[in-house]
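Chains as they are written, first to last, in our numbering: chain A, 20 to 100; chain B, 1074 to 1308; chain C, 20 to 147.
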Amino acid sequence: MIGLIVLGAFVSLIIVAYLVVMERDLASSVILFMAFGLGSTILYFVFSAPDVALTEAVIGAGISGVVFLVSLLQTQTKESR
Amino acid sequence: MSIKKNIELQTIISGLLVSFMTITLLSVLLGLDYTDKNLGSSLIDINEDLTRSANVVTSVVTYFRGLDTLGEVTILFLSIFGIGLGIENSPHMKNILSYDNTLLKLGAKVLFPLIVLFGFYIIIHGHLSPGGGFQGGVIVASGFLLMLLAYGEAFHLNHKIITVFESLSGAGFVLIGILGVILGDIFLSNMLPLGVVGQLFSSGIMPIIYIFVGLKVAAEITVLVEYFLRTEDVG
Amino acid sequence: MLDSLNQTAFLHNVITIGSFIILSIGLIGALSKKNLFKIFLSLSIAEAGLFIYFIGSHFEVGKVAPILGAGVEKFSESMVDPVPQAMILTTIVIAIAILALAMAFVVNYYKLSGHIEIDKMDELGEQR
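What follows is the structure, encoded as structure tokens:
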């Protein structure tokens, strides 16, 4: 069971990381990055590290997204080709 | 023609180099085995006698690596200081993400004390359950973030109180360490009575250090979020 | 078949290769993208891959978190290594502060120059 969870979490994390890097729209990229933080939270919990999971849940899925989004609102929102 | 040939040669060489380094690194990493008896298992062995805390991660952060935690809190302070220098900020700046919504304001008002209470619960019970100063401080800061998003300019942070909290908690950490030198034998030594495993008042100086760390992290992340949100000129 | 998935050695291989791929995706993004914003996003991804490797390499199937609680009455050999957890715990909080510092510099650079593309940077007198 735990092997399946780890495998699935890694596959989805790699897909989401690829999408974050390749996405042209920077706002979608930030939202995908917050999803990446949520996925790594699950992984930390499976690795029996609840302390790290608690930190990553607040920072990866909350505050880092706000920091990115707010600085994005003050600059340009599209990546030029 | 010669330039194009050059670039192709460079690409091939760097590609070969990268794949060689990848294969070498992966073979080294896959051959490693961390599951023998190591530093962590010996720390778990001596944890109950030395600290009487139920959470070994907390013991490592606040006692076995206490000096490193002091350095990390200093890095946190320095980077927030750099942001304060870098972003222009004045009381006349408007919150750029605010919009008027009565339902959101009401919900935020109900949720804010609960979030802050939960954060302080996580901070204070750091030596008994998962959690501690870093996690709880960030949770408290996320409560302030909710209020800043919901209320906009109507929610004012008192910067004097935040500064007092931050500097007092930083100074308190160092003071606990120096008291350890005077009353005990080394910097950050455990000079208070240890108590019983699993009780709130136990494990010596560790809850006190985590309360200081939690206050400092909460103040700093709150100021960080406010710097980032309040950057648009009102007029 | 499913039993072999739950072995610690197999999981360590999965963790090593998976976090290596995440780290590589982040580094490739940081090296190939032209937008400052995207560069720092990619660096955060690379950082997260490193964190997952640190925590995962010390994980073993059947070991519990190093915390006393319900069902765990005493400290024993069947607890995972607490040292990498404590290191990564502080590193995550430091990483968000450093990231915010970088974002502050990016915003200030945009206000001064009007773009955040590293191709258009010529403040030091580069020839384009």
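Heads up, the beta-carbon is just placed ideally off N, CA and C, and yes, glycines get one too.
- With its beta carbon at least 9 Å from every one in chain B, Val25/A lies outside the interface.
- At the C-beta level, Ile82/A and Ile1294/B come within 9 Å of one another.
- Scanning the region 1111-1196 of chain B for uninterrupted alpha helix (DSSP H) segments of 4 residues or longer gives 1112-1123, 1129-1132, 1139-1159, listed from N- to C-terminal end.
- Secondary-structure assignment with DSSP links Glu136/C through a beta bridge to Asn54/C.
- The Cβ atoms of Ile50/A and Ile44/C lie no closer than 9 Å to each other.
- For the 9 Å CB-CB criterion, Ser97/C and Gly75/C do not form a contact.
- Gly88/C has Val91/C as its beta-bridge partners, per DSSP.
- Against chain B, a Cβ distance below 9 Å from Ala65/C picks out nothing, because the smallest value is about 14 Å.
- The Cβ atoms of Pro85/C and Val1130/B lie closer than 9 Å to each other.
- Identification of residues in the region 52-64 of chain C having a C-beta nearer than 9 Å to some C-beta of chain A yields Lys52, Lys53, Asn54, Leu55, Phe56, Lys57, Phe59, Leu60, Ser61, Ser63, Ile64, given in sequence order.
- Of the candidates Ile117/C, Leu55/C, Ile36/C, Pro103/C, Leu55/C places its Cα closest to the Cα of Ile135/C.
- For Pro69/A, the uninterrupted alpha helix (DSSP H) run begins and ends at 69-77, by DSSP.
- Not flagged as an interface residue toward chain B: Gly56/A, since no C-beta distance is shorter than 9 Å.
- Only residues of its own chain outside the window of five on either side were considered, and among them Met1264 have a CB closer than 8 Å to the CB of Leu1252/B, listed in chain order.
- Within chain A, the C-beta atoms nearer than 8 Å to that of Ser1215/B come from Val77, Gly81, Ile82, in chain order.
- Close to Ala84/C, with beta-carbon spacing below 7 Å, are these residues of chain A in chain order: Ser67, Ala68, Pro69.
- Within the region 1196-1221 of chain B, contact with chain A at the beta-carbon level (separation under 8 Å) is assigned to Pro1203, Gly1204, Gly1205, Phe1207, Gln1208, Val1211, Ile1212, Ala1214, Ser1215, Leu1218.
- Following the DSSP letters along the chain, one finds Gly1287/B inside the alpha helix (DSSP H) bounded by residues 1279-1302.
- For the C-beta of Leu73/A, the chain B residues within less than 7 Å are, from N- to C-terminus, Pro1203, Gly1204, Gln1208.
- Considering only beta carbons, the part of the region 1134-1161 of chain B lying closer than 7 Å to chain C consists of Val1134, Arg1138, Thr1142, Glu1145, Ile1148, Leu1149, Ser1152, Ile1153, Gly1155, Ile1156, Gly1159, Ile1160, in chain order.
- Look at the region 1098-1122 of chain B: the residues with a C-beta under 9 Å from a C-beta of chain C are Leu1098, Leu1099, Leu1102, Leu1103, Leu1105, Asp1106, Tyr1107, Thr1108, Lys1110, Asn1111, Leu1112, Gly1113, Ser1114, Leu1116, Ile1117, Asp1118, Asn1120, Glu1121.
- What Ser90/A touches in chain B, judged by beta-carbon distance under 8 Å, is Phe1301, going in chain order.
- For Met140/C, no CB of chain B lies under 9 Å from its own CB, so it is not counted at the interface with that chain.
- Using beta-carbon distances, Ser47/A does not count as an interface residue toward chain C, since no partner is under 9 Å.
- Relative to the Cα of Lys1233/B, the nearest Cα in the group Gln1083/B, Gly1113/B, Leu1241/B belongs to Leu1241/B.
- The beta carbon of Leu1297/B sits closer than 9 Å to some beta carbon of chain A.
- Of the residues assessed, Asn1174/B falls on the exposed side of the cut-off, its CB having fewer than 16 other CB atoms within 10 angstroms.
- Ranked by Cα distance from Ile1284/B, the first of Asp1258/B, Leu1221/B, Gly1204/B, Leu1123/B is Gly1204/B.
- By the 16-neighbour rule on beta-carbons within 10 angstroms, Ala1244/B is exposed.
- Counting only residues of its own chain and dropping the five nearest sequence neighbours on each side, Val1269/B has a CB closer than 8 Å to the CB of Arg1125, Ser1275.
- When the alpha-carbon of Asp1106/B is set against those of Phe94/C, Pro101/C, Ala67/C, Phe78/C, the nearest one is in Phe78/C.
- For Ile1249/B, there are no neighbours in chain A by C-beta distance under 9 Å, as the nearest C-beta there is about 22 Å away.
- Here Leu1184/B has Gly1216, Leu1219 as same chain residues with Cβ atoms under 8 Å from its own Cβ, once five neighbours each way along the sequence are excluded.
- By the beta-carbon neighbour count (other beta carbons within 10 angstroms, threshold 16), Val1101/B is exposed.
- Beyond the five residues adjoining it in sequence on each side, Tyr129/C comes within less than 6 Å, by CB distance, of Ile135 in the same chain, given in chain order.
- Shown here, Met98/C sits in a strand according to DSSP, grouped into three states.
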